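Engineer:
Numbering (our numbering), first residue to last: 194 to 398.
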């Protein structure tokens, strides 16, 4: 799954991507956070900028951070694009994630938040699949094909592995990109006042 083939990483067009280690987690998570700064669901969780910048990188780490130890966290050279993939049979650190939400998200949002996660469990495929936890591009680099190149590189390795891919999109504006690369909507995750999430599945190709 997009593991480093050589010291130079993997190239797609004019872009180069490489696996990211735990020692680089702070840089990669910071870059990812910038890419989610206008995300409807994530900013519903943390509407205050200081709270978002403080807590959201921890949320990403607890949800998808096992990718750093498993060779499935990826970045470009300056950390302005990155992705965290959970390999088959690997799941988020739910205990730490729940504790983080309980401590950092407004209590009036807890019911909708945890109902959202309950619905996410219902959509997650039973079969082994690669789970795209997060993918984002810094706004200063968006609109140049960087995110598409990173996604395409990762999905190529999913196909080489013979496994499907799954994600929950937190932003409806990204659906067309995912559909262009073979993802199909599975339904809608919606709980009370929380913004909707869009579970999507892509068969191995």
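Here a beta-carbon is modelled for each residue, glycine too, at the ideal position from N, C-alpha and C. Being a predicted model, the structure only gives us computed values, none of them experimental.
Suppose contacts are defined by Cβ-Cβ distances below 8 Å. Is residue 361 in contact with residue 313 by that definition?
Structural biologist: In contact: residue 361 and residue 313 (Cβ atoms closer than 8 Å).
Engineer: Residue 256 and residue 285 look like a contact to me (Cβ under 8 Å); what is the Cβ gap, rounded to whole Å?
Structural biologist: Sure, about 4 Å apart at Cβ, within 8 Å.
Engineer: For residue 223, I'd like the list of residues in its chain whose CB is within less than 8 Å of its CB, leaving aside the five on either flank, ordered along the chain.
Structural biologist: Taken in chain order, the residues that qualify are 250 and 272.
Engineer: Contact between the segment 347 to 365 and the segment 321 to 329: three or more CB pairs below 8 Å?
Structural biologist: Result yes; three or more Cβ-Cβ pairs closer than 8 Å.
Engineer: If you drop the 5 nearest sequence neighbours on each side, which residues of the same chain put their C-beta closer than 8 Å to that of residue 334?
Structural biologist: Hits under 8 Å: 273 and 274.
Engineer: Only counting the same chain, and skipping five residues up and downstream in sequence, which positions put a Cβ closer than 6 Å to that of residue 226?
Structural biologist: Answer for residue 226: 249 and 250, listed in chain order.
Engineer: Taking DSSP as the reference, what is the three-state secondary structure of residue 396?
Structural biologist: In this structure, residue 396 counts as coil in the three-state DSSP scheme.
Engineer: Excluding the 5 residues flanking residue 297 on each side, which residues of the same chain have their C-beta closer than 6 Å to its C-beta?
Structural biologist: Here the set comprises 248.
Engineer: Based on the DSSP output, what are the partners of residue 324 in its beta bridges?
Structural biologist: For residue 324, which the question treats as bridged, DSSP gives the partners 279 and 359.
Engineer: Is DSSP giving residue 267 helix, strand or coil here?
Structural biologist: DSSP places residue 267 in strand when its eight states are reduced to three.
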